[in-house]
Each structure stands twice: as structure tokens, then as C-alpha cells.
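Numbering (my numbering), first residue to last: 1 to 586.
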């Protein structure tokens with residue numbers, strides 16, 4: 001009969017060996033396999049299979065034996081890797097495919113959501129869709145991995161400190177050991193495996209409930225923020241709310257945080273959920289506010305798509321917004337129906353987990369080919385006259401959207417007639433350019449482009465009464481023009497201003513300070529240089545005392561427009577607004 005001590009030692013040794021095997025395999029994958037395998041698609045398949053297998057295996061081992069965990073991890077990792085490989089064939093080269101991060105996010109979601117279901121299926125097939133067990137297992141994985149990686153970090157800190165100490169007496173064997181190529185990978189994997197096992201053994205003392213109860217404290221804080229946001233929503237500037245994907249991303253992030261905190265508050269059963277009446281009402285109110293936040297975010301994304309067409313980023317944002325909105329509606333409807341609203345939310349979480357898993361698989365399949373959808377959208381917009389050559393995604397079609405992009409680019413290249421001559425020239429320039437910047441310099445940043453013309457007309461040039469010449473902006477990339485247009489089009493006096501002056505008389509560059517309306521009531525200040533008739537962007541100015549980003553009031557900006565400033569030295573020449581000093585290089 002095996003003693004408890006023998007079981008502990010055997011379990012720790014097995015997990016240490018498993019972790020070391022993971023580290024050695026990853027080292028072989030990174031250092032040796034590319035030397036012998038030239039096919040990048042094959043390398044991706046092997047990498048996804050290995051990484052997915054060990055990530056799931058180490059998560060399942062403990063609750064399951066290593067053998068059973070390996071069986072489940074192998075099947076899950078194979079499915080995720082095959083779908084990732086399937087999606088990669090949209091591209092000739094792997095780099096642009098992985099560069100966006102969307103495919104890797106879908107692959108990670110398959111592993112993350114699938115691991116608890118597979119583990120519970122192997123543990124007890126009668127309870128593999130039990131919300132109580134899925135909730136407990138998922139959070140235990142989070143805590144085990146967090147604690148184990150923390151221990152790995154401490155291990156390396158102690159190892160480096162020990163090496164530094166021994167080197168004082170000319171003993172360098174730790175450094176010599178670490179310099180052997182696979183050793184850092186072996187040590188990291190072995191220590192991670194051992195730590196995961198120890199954390200599992202100590203699960204009665206280091207349980208997820210400590211983390212869950214701490215997270216519950218954040219629910220009232222987020223609720224107050226959302227209440228203020230919703231109350232201020234009718235008085236907000238639409239250009240700030242719908243000026244790009246970033247505001248929508250912020251709102252979705254807040255909504256996702258609310259969804260997480262509600263799930264944490266409800267825990268795995270009514271007996272474990274928040275018991276205080278005021279916390280239950282706070283949870284209900286947060287659930288009712290979520291659809292408002294998600295609806296505004298979804299509307300902002302749709303406006304962006306209607307204005308500029310589809311891109312993979314906008315399609316990913318829309319899918320994410322729809323998922324978050326589905327969660328929000330499930331939560332809000334469960335609260336409005338009353339009765340056993342907590343149980344309905346838990347059942348909704350289970351359904352949504354399946355939906356997110358299905359969407360992740362769908363994203364990697366031809367049924368939801370983001371690159372193909374985006375390429376068709378951008379070409380259709382050009383053919384329909386909605387965009388000019390400068391506004392058409394020529395670079396993306398040529399370099400970023402794989403085979404679907406090149407197929408649609410061929411359609412544009414085949415267009416004949418003088419009216420498409422500029423388009424054919426832009427396509428040729430995209431093929432010849434070594435970087436996106438050089439392409440934009442030749443084609444997209446044309447000073448006659450509508451965005452540059454519109455932006456130049458919105459920036460006052462001081463001192464004087466005029467605006468900027470569009471030719472000054474010909475080096476600005478489209479994202480910069482777009483961001484500054486959003487700021488300058490905000491209905492806020494006195495608007496955007498560029499103060500030019502000899503801030504550095506010894507420097508041949510003409511230096512200036514650009515004032516831009518911020519998202520709130522304040523103004524941001526940025527240094528710029530004008531060299532050879534082109535505007536070069538510097539840095540956002542910082543407060544010389546605190547080091548934080550400098551914020552000016554609308555009154556400060558009005559003083560600049562009225563000429564109530566001077567350019568004078570302290571230890572250098574600065575822009576002075578009374579006692580406030582602005583220096584372009586701080």
C-alpha cells in the first residue's frame with residue numbers, strides 16, 4: 001500500500017519531469033526545428049500543437065493523473081492546432097498572419113474554454129457540464145498558474161542572486177550551467193511543473209476563494225463608475241464617443257470587467273454567492289447597466305464600419321462587441337425576470353462559453369474569413385466611388401491580408417482607363433516599397449489627400465491669422481491624420497493651434513508646440529518640428545515637476561489664441577503663459 005509521503009514524492013517528481021519535458025521540447029522547437037524545417041506552415045502546426053498540449057496538460061494534471069490529462073490535452077491541442085493551421089493557409093507567409101494577433105487569440109480561446117470541459121469529461125462524464133464544477137476548476141487553474149509562475153520568477157531571482165554572490169569568490173558554476181543552451185528552458189519548465197503540483201497539494205490553503213472574495217470588493221467601485229458614465233452620456237460629445245475603435249474598446253473592456261465581477265459575485269451556487277442584500281442589489285444594478293454600455297460601443301463600431309468599411313480589426317471588434325452584448329442581455333433579462341435570477345445567469349454563462357468556443361473555431365474557418373471579408377469590402381468601396389486611391393487599403397491588400405487580399409488586388413489591377421491610372425501606380429508602388437512608411441510617403445501621404453487638406457484647414461498657425469499649408473502634413477501617416485482630425489473636429493473653441501517660434505535658436509529646425517483638444521475639457525500639448533517644409537511629430541509635453549502628461553485648460557488655449565504668451569528663456573527658450581512654462585523638448 002502506497003503511503004501518503006510516497007504519493008507526494010511520486011506526484012512531484014512526475015510533474016517536475018513533465019515540466020522539464022515541456023521546457024526541453026519548446027527549446028528544440030525554437031532553436032533546432034527551424035534549422036531542419038523550412039516550411040513555415042509546418043512549423044506553426046508543430047508549435048501550436050506543442051504549446052497547446054503542454055499548456056492544457058499542466059492545467060489538467062493534479063485533478064487528473066498525468067496519463068489521463070495527456071490524453072485530453074492531446075485531443076484538445078490537436079483540434080486547436082489544426083484549425084489554426086487551416087486559417088494560416090489564407091497567407092503565403094506566416095508573419096502577417098500572426099502579426100494581427102486575432103488568429104492566436106481565437107486559438108487561445110479554444111484552449112482556455114475547452115480545457116475545463118475536457119478535464120471534467122475525463123474526471124466524471126456525468127458532471128462535465130456542471131456549472132459548479134466548471135467554475136471551481138477554471139478559477140483553480142487561474143490561481144495555480146499565477147502562483148506557479150510567481151514561484152518561477154522568485155526561483156530565477158534567487159538563482160541570479162546566488163550566482164552574483166558566488167562570483168565574488170570566483171565560483172562561476174551557476175553561470176556556466178545557465179549558459180548551456182537548453183538549461184534555462186529545462187529549469188523553467190521543471191520548476192513550473194513542481195510549483196503547479198505543490199499548489200495543487202495545498203489547494204485547501206491556497207484556494208480560488210481568496211481571489212474571488214477580493215474581486216467582489218471591486219464590484220461597487222465599477223458600479224459607481226458606470227452610473228456616472230450613463231448619467232453623463234446624454235451630455236457627452238459624440239465625436240469623443242464614436243471617434244474610433246479605441247473608445248468602443250474602452251467601453252467593451254469596462255463591460256467585460258462588469259461581466260466578470262458579476263460572475264464572481266454569483267460564484268458557483270446561491271450558497272456561495274454574495275449574501276449582503278446591498279451587494280445583491282449592486283450586482284443587479286450593474287447587470288442592468290451593461291446593455292447600455294455595450295449598445296453604445298456596438299453603435300460606435302458600426303459607425304466606423306459604415307464610414308470606412310470592413311477591416312479584420314473592425315470585424316474582430318464587432319464580433320467581440322456582439323459577444324459582450326449577448327452576455328449583457330442575458331444578465332439584464334435574468335434580473336428583470338426576478339425569481340431565481342442568479343441561476344439563470346449561471347446557465348447563461350454556460351451557454352455563452354459554448355458560443356464563444358464556436359465563434360473561435362468559426363474565426364479560424366473559411367466561414368468567417370476576416371481577410372476575405374475585409375478585402376471584398378475595401379475593393380467594393382473603391383469601385384462604388386466611396387473612397388479615393390489614397391483612402392483605399394492598397395498596402396493591406398498587398399501585404400497584410402494574405403491570399404484574399406492579393407486576389408482582390410488583382411481585380412483592381414485589371415481595371416483599365418485613365419481614371420484608374422493613379423490606382424495602378426499605387427499598386428505598383430506597394431509592390432516596390434520596402435516598408436509601409438515608404439509606400440505612404442509616395443502615395444497615401446499626398447498633400448492633396450482629403451484628410452490632410454481638411455486637417456490643415458482646422459489648425460491655426462500662430463503667430464498670425466492663417467492655417468497650415470497641406471504640404472506640411474504630407475509625411476503624416478493616415479492614423480495620425482485621422483486622430484488629429486477627430487481632436488480638431490471636436491466642437492470646442494478655440495480648437496487646434498500650432499505655435500511656431502525659435503525655441504532653439506541654435507538649431508536649424510523650426511520648432512513648435514501643437515495644442516489639441518483632449519477627450520475631456522482639457523488640451524494636450526505636443527512638440528513638433530518643421531524641417532524641409534514637412535512637419536515632424538515630437539513628444540507629448542510633460543509637467544516639469546511631476547513628470548506627468550501636461551494638460552492645459554480651455555482658458556490657457558484661449559490666451560494662446562489671443563496672443564497672451566511670450567517665448568522667452570529660463571535656462572532655455574520656452575513658451576510662457578503667465579507663470580506656466582511649456583518647452584517643446586521636455
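By construction, the Cβ of each residue, glycine as well, lies at the ideal position given by its N, Cα and C atoms.
Classification of residue i by the beta-carbon crowding that lies within 10 angstroms, buried from 16 upward
{"i": "residue 651", "result": "Nothing about residue 651 can be reported from this structure: the residues present for the chain run from 1 to 586 only."}
{"i": "residue 234", "result": "exposed"}
{"i": "residue 374", "result": "buried"}
{"i": "residue 126", "result": "exposed"}
{"i": "residue 371", "result": "buried"}
{"i": "residue 335", "result": "buried"}
{"i": "residue 181", "result": "exposed"}
{"i": "residue 360", "result": "buried"}
{"i": "residue 332", "result": "buried"}
{"i": "residue 463", "result": "exposed"}
{"i": "residue 15", "result": "buried"}
{"i": "residue 224", "result": "exposed"}
{"i": "residue 31", "result": "exposed"}
{"i": "residue 307", "result": "exposed"}
{"i": "residue 93", "result": "exposed"}
{"i": "residue 36", "result": "exposed"}
{"i": "residue 150", "result": "exposed"}
{"i": "residue 349", "result": "buried"}
{"i": "residue 167", "result": "exposed"}
{"i": "residue 7", "result": "exposed"}
{"i": "residue 337", "result": "exposed"}
{"i": "residue 446", "result": "Low local confidence applies: a pLDDT of 49 at residue 446 is under 50, so the model's placement there is unreliable, with the coordinate-based value given in what follows. By the 10 Å Cβ count, residue 446 comes out buried."}
Spatial neighbours of residue i in its chain, beta-carbon cut-off 8 Å, leaving aside the 5 residues before and after
{"i": "residue 141", "result": "59, 115 and 116"}
{"i": "residue 220", "result": "279 and 282"}
{"i": "residue 352", "result": "323, 326, 327 and 330"}
{"i": "residue 136", "result": "208 and 268"}
{"i": "residue 561", "result": "460, 462, 494 and 497"}
{"i": "residue 251", "result": "293, 294, 296, 297 and 300"}
{"i": "residue 236", "result": "none"}
{"i": "residue 17", "result": "190 and 193"}
For residue i, the nearest candidate out of the options (CA to CA)
{"i": "residue 212", "options": "260, 246, 191 and 412", "result": "260"}
{"i": "residue 488", "options": "17, 25 and 518", "result": "518"}
{"i": "residue 74", "options": "54, 484, 483 and 323", "result": "54"}
{"i": "residue 591", "options": "151, 195, 475 and 122", "result": "The structure shown has nothing for residue 591, since the chain only spans 1 to 586."}
{"i": "residue 86", "options": "497, 550, 269 and 107", "result": "107"}
{"i": "residue 512", "options": "529, 522, 525 and 520", "result": "529"}
{"i": "residue 438", "options": "468, 347 and 477", "result": "477"}
{"i": "residue 390", "options": "481, 486 and 349", "result": "481"}
{"i": "residue 555", "options": "380, 522 and 401", "result": "522"}
{"i": "residue 406", "options": "384, 383, 381 and 376", "result": "376"}
{"i": "residue 188", "options": "238, 34, 155 and 366", "result": "155"}
Contact under 7 Å by Cβ, residue i with residue j
{"i": "residue 9", "j": "residue 72", "result": "no"}
{"i": "residue 378", "j": "residue 295", "result": "no"}
{"i": "residue 329", "j": "residue 264", "result": "no"}
{"i": "residue 535", "j": "residue 472", "result": "yes"}
{"i": "residue 267", "j": "residue 276", "result": "no"}
{"i": "residue 258", "j": "residue 286", "result": "yes"}
{"i": "residue 199", "j": "residue 148", "result": "yes"}
{"i": "residue 81", "j": "residue 45", "result": "yes"}
{"i": "residue 11", "j": "residue 186", "result": "no"}
{"i": "residue 202", "j": "residue 270", "result": "no"}
{"i": "residue 226", "j": "residue 289", "result": "yes"}
{"i": "residue 68", "j": "residue 122", "result": "yes"}
{"i": "residue 454", "j": "residue 468", "result": "no"}
{"i": "residue 430", "j": "residue 395", "result": "yes"}
{"i": "residue 550", "j": "residue 542", "result": "yes"}
{"i": "residue 96", "j": "residue 418", "result": "no"}
{"i": "residue 102", "j": "residue 402", "result": "no"}
{"i": "residue 415", "j": "residue 408", "result": "no"}
Residue range of the unbroken alpha helix (DSSP H) whose run includes residue i
{"i": "residue 482", "result": "478-488"}
{"i": "residue 304", "result": "277-308"}
{"i": "residue 376", "result": "370-383"}
{"i": "residue 352", "result": "341-363"}
Contacts around residue i, its chain only, beta-carbon distance under 6 Å, and the 5 residues preceding and following it disregarded
{"i": "residue 175", "result": "163"}
{"i": "residue 492", "result": "517"}
{"i": "residue 393", "result": "378"}
Limits of the unbroken beta strand (DSSP E) element including residue i
{"i": "residue 563", "result": "Neither: residue 563 is in no beta strand (DSSP E) and is coded neither H nor E."}
{"i": "residue 460", "result": "459-462"}
{"i": "residue 527", "result": "523-531"}
{"i": "residue 391", "result": "No beta strand (DSSP E) contains residue 391, which DSSP labels as neither H nor E."}
Close-in-space but distant-in-sequence residues of the same chain around residue i (CB under 7 Å, 5 per side omitted)
{"i": "residue 132", "result": "268 and 269"}
{"i": "residue 98", "result": "104"}
Residue i beta carbon near the ligand NAP (any heavy atom closer than 6 Å)
{"i": "residue 385", "result": "By its list of ligands, the structure shown contains no ligand whatsoever, and the ligand NAP lies outside what it can speak to."}
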